[in-house]
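Participant:
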Amino acid sequence: MTKTAMIVEDEIFVALDLERILIDAGYHVVAIAADRESALVAAAGCDFAFVDVNLRDGPTGPSIAETIARDHGVKVVFVTANPSQIGDADCLGYIRKPFNDAAILAAAELATTGQALRGGSELIQIRRRGN
Numbered sequence: 001m002t003k004t005a006m007i008v009e010d011e012i013f014v015a016l017d018l019e020r021i022l023i024d025a026g027y028h029v030v031a032i033a034a035d036r037e038s039a040l041v042a043a044a045g046c047d048f049a050f051v052d053v054n055l056r057d058g059p060t061g062p063s064i065a066e067t068i069a070r071d072h073g074v075k076v077v078f079v080t081a082n083p084s085q086i087g088d089a090d091c092l093g094y095i096r097k098p099f100n101d102a103a104i105l106a107a108a109e110l111a112t113t114g115q116a117l118r119g120g121s122e123l124i125q126i127r128r129r130g131n
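With my numbering as the guide, the letters of the sequence shown map in order to residues 1 to 131.
1. Go ahead and pull the three-state DSSP assignment for R56.
2. Are I23 and E9 closer than 8 angstroms when you measure CB to CB?
3. Which residue from V77, T60, Y27 and I21 puts its Cα closest to that of L40?
4. Taking the alpha-carbon positions, what's the P83 to N54 distance?
5. Tell me which residues share the same chain as A81 and place their Cβ nearer than 6 angstroms to its Cβ, disregarding the 5 neighbours each side in the sequence.
6. Give the C-beta separation of V14 and A49 to the nearest angstrom, bearing in mind that I take them to be a contact with Cβ-Cβ under 8 angstroms.
7. In angstroms with no decimal places, state the Cα-to-Cα distance between G58 and Q85.
8. Once DSSP output is grouped into helix, strand and coil, what is the label at N68?
9. Taking the alpha-carbon positions, what's the A25 to A106 distance?
10. DSSP beta-bridge partners for K75?
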């Protein structure tokens, strides 16, 4: 399976840290988007996305997740300090900020293979439909 990711994050240092983790692990990052408009433009070229809740244009992360999952089949993992704001957005789960490399890599593996890296599932709050 393709290992192509998008990062939806308006804090540049956080976005660059996510990008570094993914690239070092062999993933291809197609875009870093800081708002809804740029995320929707880039979504067609990715398999999964790490999405923050609060972005440059407000708390648009959950609506971005819904749109890119529905329209492009992108698997979404939120990376946020505000998981209570996710609501019912279609996602695999979330990682709380501050995050570590192991949590990001476990979530990327979950998004690409359907299984978190060994020992990584406790680092991600996995959401099941209906939760």
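From the three backbone atoms N, C-alpha and C, an ideal C-beta is built for every residue, glycine too.
Facilitator: Straight from the coordinates:
1. By 1-based counting over the sequence shown, the position of residue 56 is 56. In the structure shown, R56 sits in coil (DSSP, three-state: anything other than H, G, I, E or B).
2. Against the sequence shown, residue 23 aligns to sequence position 23. Against the sequence shown, residue 9 aligns to sequence position 9. No; because the gap between Cβ atoms is not below 8 angstroms, this pair is not in contact.
3. Locating residue 40 in the sequence shown gives position 40, where the first residue counts as 1. Closest option to L40, Cα to Cα, is T60.
4. Taking the first residue of the sequence shown as position 1, residue 83 is located at position 83. Taking the first residue of the sequence shown as position 1, residue 54 is located at position 54. A direct Cα-Cα distance of roughly 10 angstroms separates P83 from N54.
5. Here the question's residue 81 lines up with position 81 in the sequence shown. K97.
6. By 1-based counting over the sequence shown, the position of residue 14 is 14. By 1-based counting over the sequence shown, the position of residue 49 is 49. Going by Cβ atoms, the distance from V14 to A49 rounds to 14 angstroms, so no, they are not a contact pair.
7. Within the sequence shown, residue 58 is the residue found at index 58, counting from 1. Within the sequence shown, residue 85 is the residue found at index 85, counting from 1. Take the alpha-carbon of G58 and the one of Q85: they are about 12 angstroms apart.
8. Numbered from its first residue, the sequence shown carries residue 68 at position 68. According to the sequence shown, residue 68 is Ile rather than Asn. The three-state secondary structure of I68, taken from DSSP, is helix.
9. Working through the sequence shown from its first residue, we reach residue 25 at position 25. Working through the sequence shown from its first residue, we reach residue 106 at position 106. Computed Cα separation, rounded: 11 angstroms.
10. Reading the sequence shown from its first residue, position 75 is the one you call residue 75. In DSSP, K75 forms a bridge with F48.
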